[in-house]
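Protein chains: 2
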Amino acid sequence: MKEFNIKTPHLVKGNPEEKRQEILDYFNRTFELDTQLYNTLKDEEAFYMRADPLRHPIIFYYGHTSVFFVNKLVLAGLLPSHINPHFESIFAIGVDEMSWDDLNQENYDWPTVTEVREYRRTVKAEITKLIKELPLALPINWENPFWPIIMGIEHQNIHIETSSVLIRQLPVDKLQTGIFSNICDEDQVIVANELIDVEGSKIQLGKTENHPLYGWDLEYGSFEEQVEDFKASKYLVSNSEFLEFIEAKGYQNKQWWTEEGWSWCTYKQAEHPQFWIKENNSYKLRLMTQIVPMKWSFPAEINYLEAKAFCNWKSAKTGKKLRLPSEAEWYKLVEVTKVQDAIDWEVAPGNVNLEHYSSSCPVNKFPFGDFYDVIGNVWQWTETPITGYPGFKVHPLYDDFSTPTFDGKHNLIKGGSWISTGNEATLNARYAFRRHFYQHAGFRYVESEFEPEIRVDSYETDEEVTISCEQNYGEDYLGMTKLPLQVLEVLKNHIENPTDKRLLDLNCNTGRLAFEASQLFKEVMAIDASARFIRPAIELQKNGLLRYVITDEGELSVFKDILLKDLKLDNTLDHLQFMQDDVMKLKEQYTGYDVIVAMNLLEDIRQPKAFLSMIHERLCAGGTLILGSTYDWDTSKSQLENWPGGFKKDGEPVRSIDGISHILNEHFRLESEPLGLTYPIRKSSRSFEVQKSEVSIWKKKS
Amino acid sequence: MKEFNIKTPHLVKGNPEEKRQEILDYFNRTFELDTQLYNTLKDEEAFYMRADPLRHPIIFYYGHTSVFFVNKLVLAGLLPSHINPHFESIFAIGVDEMSWDDLNQENYDWPTVTEVREYRRTVKAEITKLIKELPLALPINWENPFWPIIMGIEHQNIHIETSSVLIRQLPVDKLQTGIFSNICDEDQVIVANELIDVEGSKIQLGKTENHPLYGWDLEYGSFEEQVEDFKASKYLVSNSEFLEFIEAKGYQNKQWWTEEGWSWCTYKQAEHPQFWIKENNSYKLRLMTQIVPMKWSFPAEINYLEAKAFCNWKSAKTGKKLRLPSEAEWYKLVEVTKVQDAIDWEVAPGNVNLEHYSSSCPVNKFPFGDFYDVIGNVWQWTETPITGYPGFKVHPLYDDFSTPTFDGKHNLIKGGSWISTGNEATLNARYAFRRHFYQHAGFRYVESEFEPEIRVDSYETDEEVTISCEQNYGEDYLGMTKLPLQVLEVLKNHIENPTDKRLLDLNCNTGRLAFEASQLFKEVMAIDASARFIRPAIELQKNGLLRYVITDEGELSVFKDILLKDLKLDNTLDHLQFMQDDVMKLKEQYTGYDVIVAMNLLEDIRQPKAFLSMIHERLCAGGTLILGSTYDWDTSKSQLENWPGGFKKDGEPVRSIDGISHILNEHFRLESEPLGLTYPIRKSSRSFEVQKSEVSIWKKKS
């Protein structure tokens, strides 16, 4: 199978015209492998079968990879128009498990195999022409017109693997082996696993923008994680090792399963791994196109939920704390075993990239230092739900590749399988599936005292909150400065020696002012009445990262990643605390501040007058109150009798600033004429609110 | 009573120090007359009686005029602080019938008469000090510190009259005549009325800002009205003339009454005018402090509803079209009889300003040319509901003097009564009461073929509409140009020879663009789906005037008067038509236009895609479509399947402009790159929306 050695090209180095040829070759090999995969279907009927009731029939995937090329190239402006709009609609979506809820259960009137084959030929010719004619300059980065070409090829590589799993679910009598005949027929005596020490260290995750290999958007960014010492199993768990769990009635025993796992197990009435076939009292093994006697030394292919139950059972049995590795622990194994990346191979060091077998193989076949199968053979489930690394940016041409999986429900698989090609076979590859899902995937277990930290970093989507996030951390709009930065200027101009002072930020919202103030003040306590609004601030403080989604137009969205260190606000986090509290019933400890900032708070609370009457209690003598309001009093928030102004009293208008002064004058003196701060609040790409907050500065009488 | 000849001072001419003395004298006389009025109450008990169940007891009015001085002078910044905050609250509001719904029916714990008297003395001394010490420069206009002083004096003059009516409603045994002893005891034989011809003409109403006499805000502005020929009764209707109506069972006969009138008449079970007292089979007459035998030659004192019923009955009886005069017809009588204004009198030409009697008098006593009592004796009801003249501006120190009465329910009374002093005795005085209300008021009838035009010109208060009015006609905000004026520039830049062309403005809103376009185009048809939004545009077209109220802060408002002639848009009204229609079902006649403008329409209608598919039908070949949208698609307005873009299709984003182009390309070509227009929408004085509308210009293919 050397002809399907499909290595993703170096995108930086080389001569452009040679690179063009290399890309064309890469495209051709991938396309041909994809074509050959569907040749395992014996007849046309097989194309219209659903391998999985929740998935489209195979014909969809046959058309889909070509349609993807066309749709992305049209979007990128590289193809002037669609080739077959009907095909490019029906073969466009419904691809993978992350969207199985969306699947239209109606019977599509699918085209014939011949029609699709013809379409694939047309598209292949178009892409070939593009590869030959597009201007090519190195490096090939996100802006380069060749990026969407490589994207299409890598997309096809993904579907070669996922379709191979679907084919593995079709009846074998509908299949032929075709070029995938190089099945590993070895089987060893039972392999006894063992745990090997791995020394912990900091691990740097994520690749930089100038990395020489193509990456999906979620591979980029930067995250440093501390890996503690752990032990890892020498081998992937083999079918024979997994059999012990089955024989110990593991599938019948709720205690080993997570809640999600038990729910899956009972719903599915699972009794053994999906590709095991129980006949009488013995097992056979389903491979992609054939059924063979059980290969006990092959890796057990399970979903995350089964792997986790196994670890829990084995922990109890051995008295050791066993679990799956985290993503970082997997990279630690890569590091200690000095695994080379695909680009540097002469021959794949593991059972990957179809370079060795058209199936998995014994777990003691491919050594990597003291371990086996650090990469290759089957994917390895991890404990880590996928999320973007800090610095993640959505790729505009494929903006829903990654973010729908950042939900804490999709766990990473690492290492690749025997049929992982292209990007899948690189060390930086990051694919994730729902925990109940099947791929060519098994697991290795680790022993550790530490639970890996689970960071979900999902995108905030609560619209009110994301509007505030953008107001605090996003771009500048309408040529206006963000409100928190304007308030910061007020602080700089009016507070002397802030480094000696404690500041209380009431109505801190999503927290930008508090982060900024922590650069100046000894201590900043930031309080908001709503946990929804301080959650992003706390996320930022904890992880240095904030993710949210804002409206572009209609249903289209923009994904935003904010890094505290990009704002240079990551060095004073110990001066700063965010708390949720009711400003009208502030806990006693919030007192003795030198400065209190209350921006746009009055109009939001039920008792603005009462707030003004009592706020002096929280300040030191001589302390400063900075009060801002739009005076947009609203009876749905506070009753008129609680407003300081903005109404008529005894027939005469009482302006808000006069009513506020009337109350504050008892304990404060006004330091200077009120200022007007004008700032925007983005609602969508074409719609904004602009408010003018009046800010008055009050000195508490001694 | 010569000492109570109270004439409002000339505010322009004269020497400042003499003027100061004149104002002090005017203040003293008014204050003294007010004091004397309350001396008609025999004992303290009378102060706590309610003359009318819907009004405060007399003690309120005794305190109120002084409190008004203080509250306005504090508001104007002329008094540094309140004198007696408790008094200045309890005596502040609940003055007059326009607010009787607001009256707190609880029993106030009113202060004693002595306390109020003492308070009045204190206030009088404070005002005297102010009059003596405030810098005085002529002319005294709205900005002059003496304006609020004169306002307070004129306010007291008003209450002298209205309290005299309340006193007239108290039991006579609680009253003494005091200085008001000069009751007219004449009574003539029955006066036969007759109708006298008056030649019509244009009449100019309203006074200018530099008018030499104090005026309430609603006296200013400018309105020209065509008065057609009419006849007017020589005399006010006397008690004897009115008796005929009573004897004809007028009060028992629904047919003579308006609906409002009949409703009042039956509710009150009225059988004769309020101040008539029926004893056995004869009538007596209640005057302010005493009951006298019926004075048949005195004017019948009735409310508007009774006067109107009388006219209807008399019309039927005589076969003539009789009604009350309009405000303009009253001014026509003033003109033809050459009535002098108060400032020019030696002695009042009528029974007014307490210069002759402390009561009304026979209707044939004071001649004015061929007529009698054109001014004086009693006020004269008119057919005209009060409203501000075009150019009306609310006075900021008393912003609810006028506008609450601009509701079509308050009819003007003209001419003044025997006790009308100061501003009340001037020709420009404009007071109005609800039609069921009693003052010292009677009527004169006119015969005319013409129904007077009733212009209400009330202030638009529908918030969505007033926001649009301000966006179209108001100030510029945030340094941005109004959207309609930006679209006008687009028209100027892209449409050649507009004078030959017909333009259709869809979604015309409150109409600014249509008015502006009518300056350029041969014909403008402006259509909006909402009658609420085109009503102001139609008002502007018809009357040249638009009134609306916008939010300042909280419950405080700003009153806006827009004059078409100030915008120089009043000269092309015949090029322009506003119609309400559904853009999706446009009537057939709306076709063949050279230019169609559809600004921010798509996002507002249910079928934006369908609109785009059919709009070419309304254009000439080669015509231009100017399409603007914020692309703020909202499922509450249109379902996603009807959006042209702003969603994902087959997994790929379809941007709105691309979706729009896709549809329009069939019949149009895009003329130039889309423009972005950024404009503000004012919500309150500190809160705005800012939208960016994308405008694309399309040429219909021939």
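Protein chains in written order, with UniProt numbering: chain U, 1 to 702; chain B, 1 to 702.
Where is the CB? At the ideal position from N, CA and C, for every residue including glycine.
Since we're looking at a predicted model, the values are computed, not measured.
Looking at C-alpha atoms only, which residue of the options is the closest neighbour of residue i?
i: Gly206(B); options: Asp399(B), Asp476(B), Tyr220(B); result: Tyr220(B)
i: Phe68(U); options: His159(U), Glu464(U), Lys132(U), Asp25(U); result: His159(U)
i: Phe310(U); options: Ser238(U), Ile343(U), Ala328(U); result: Ser238(U)
i: Leu41(B); options: Tyr445(B), Leu170(B), Asn509(B); result: Leu170(B)
i: Tyr473(B); options: Arg532(B), Leu569(B), Glu555(B), Asp399(B); result: Leu569(B)
i: Gln226(U); options: Ile167(U), Lys609(U), Leu612(U), Ser201(U); result: Ser201(U)
i: Asp581(B); options: Ala526(B), Phe47(B), Tyr548(B), Thr421(B); result: Ala526(B)
i: Asn423(B); options: Thr65(B), Ser687(B), His155(B); result: His155(B)
i: Gly59(U); options: His10(U), Asp400(U), Ser163(U); result: One point to set straight first is that residue 59(U) is Ile, not Gly, in the sequence displayed. Of the listed residues, the one whose Cα sits closest to Ile59(U) is Ser163(U).
i: Val12(B); options: Glu259(B), Phe437(B), Asn144(B), Phe230(B); result: Asn144(B)
i: Val456(U); options: Lys278(U), Gly554(U), Asn411(U), Gly416(U); result: Asn411(U)
i: Glu453(B); options: Ser326(B), Asp370(B), Glu335(B); result: Ser326(B)
i: Gly63(U); options: Leu73(U), Phe47(U), Ile343(U), Asn377(U); result: Phe47(U)
i: Phe533(B); options: Thr510(B), Ala514(B), Val524(B), Met294(B); result: Thr510(B)
i: Trp110(U); options: Leu677(U), Gly152(U), His56(U), Asn39(U); result: His56(U)
Spatial neighbours of residue i within its chain, please: C-beta separation below 8 Å, excluding the five flanking residues on both sides.
i: Thr624(U); result: His494, Ile495, Asp594, Val595, Ile596, Glu671, Ile697, Trp698, Lys699, Lys700
i: Pro16(B); result: Leu136, Ala137, Leu138
i: Lys409(U); result: Pro385, Arg434, Arg435
i: Gln290(U); result: Val172, Leu175, Thr177, Ile183
i: Lys637(U); result: Glu603, Asp604, Ile605, Arg606
i: Ser222(B); result: Gln204, Leu205, Gly206, Thr208, Tyr389, Pro390, Gly391
i: Phe668(B); result: His616, Leu625, Trp698, Lys699, Lys700, Lys701
i: residue 708(B); result: There is simply no residue 708(B) to check, as chain B begins at 1 and stops at 702 in what is shown.
i: Glu449(U); result: Glu228, Lys321
Please work out which residues of its chain come closer than 6 Å, Cβ to Cβ, to residue i, disregarding the five sequence neighbours upstream and downstream, and give them in chain order.
i: Asp101(B); result: Legend: pLDDT at Asp101(B) = 39, less than 50; position of this residue unreliable, value from coordinates given subsequently. Excluding residues within five positions, none has a Cβ falling inside 6 Å.
i: Asn104(U); result: Only weak support is given to the placement of Asn104(U): the predicted model assigns it a pLDDT of 49, under 50, and the value that follows is read from those uncertain coordinates. So the list is empty, once near-sequence residues are dropped.
i: Leu213(B); result: Thr8, Thr426
i: Arg686(U); result: none
i: Met614(B); result: none
i: Leu562(B); result: At residue 562(B) the sequence reads Ile, which differs from the Leu that was named. Same-chain partners within the cutoff: Tyr473, Leu546.
i: Tyr631(B); result: Gly646, Ser656
With a CB to CB cut of under 7 Å and the five nearest residues on each side skipped, what residues in its chain are close to residue i?
i: Gln439(B); result: Val165, Trp379, Ile413, Phe433
i: Glu244(B); result: none
i: Ile538(U); result: Phe578
i: Thr466(U); result: Glu460, Tyr548, Val549, Ile550
Would you please state the rounded distance, in angstroms, between the beta carbons of residue i and residue j? I believe it to be under 8 Å.
i: Leu236(U); j: Arg535(U); result: About 39 Å separates the two Cβ atoms, so there is no contact after all.
i: Phe366(B); j: Asn377(B); result: 7 Å
i: Gly544(U); j: Leu564(U); result: 4 Å
Requested in this report: Could you list the residues in the region 623-637 of chain B with a C-beta less than 7 Å from some C-beta on chain U, going in chain order?
Outcome: Residues passing the 7 Å Cβ filter: Thr630, Tyr631, Asp632, Trp633.
Query raised in the report: Along the region 678-694 of chain B, what residues have a CB closer than 9 Å to any CB found in chain U?
Result: Of all residues in the region 678-694 of chain B, only Thr678, Pro680, Lys683, Ser684, Ser685, Arg686, Ser687, Phe688, Glu689, Val690, Gln691, Lys692, Ser693, Glu694 come within less than 9 Å of chain U when Cβ atoms are compared, listed by chain position.
Report task. For the region 644-655 of chain U, enumerate the residues whose C-beta is nearer than 9 Å to any C-beta of chain B, in chain order. Result -> Residues passing the 9 Å Cβ filter: Gly645, Gly646, Phe647, Lys648, Lys649, Asp650, Gly651, Glu652, Pro653, Val654, Arg655.
Query - the region 299-306 of chain U / the region 183-193 of chain U touching (three or more Cβ pairs under 8 Å) - result: Segments in contact, no.
Query raised in the report: What residues in the region 73-85 of chain B bring their beta carbon closer than 8 Å to a beta carbon of chain U?
Result: So the list reads Val74, Leu75, given in the order they occur along the chain.
Requested in this report: Could you say if the region 455-466 of chain U and the region 540-557 of chain U meet the contact criterion of at least three C-beta pairs nearer than 8 Å?
Outcome: The region 455-466 of chain U, when compared against the region 540-557 of chain U, does touch it at the 8 Å Cβ threshold.
Report task. For the region 118-136 of chain B, enumerate the residues whose C-beta is nearer than 9 Å to any C-beta of chain U, in chain order. Result -> Under the 9 Å Cβ criterion, the region 118-136 of chain B contributes no residue.
Query - Proximal residues, the region 459-491 of chain U versus chain B, C-beta separation under 7 Å - result: Cβ contacts with chain B: Leu478.
Query - Interface residues of the region 548-572 of chain U facing chain B [CB-CB below 7 Å] - result: The region 548-572 of chain U vs chain B, Cβ under 7 Å: Glu553, Gly554, Glu555, Leu556.
Query raised in the report: Contact between the region 553-565 of chain U and the region 641-655 of chain B: three or more CB pairs below 8 Å?
Result: Segments in contact, yes.
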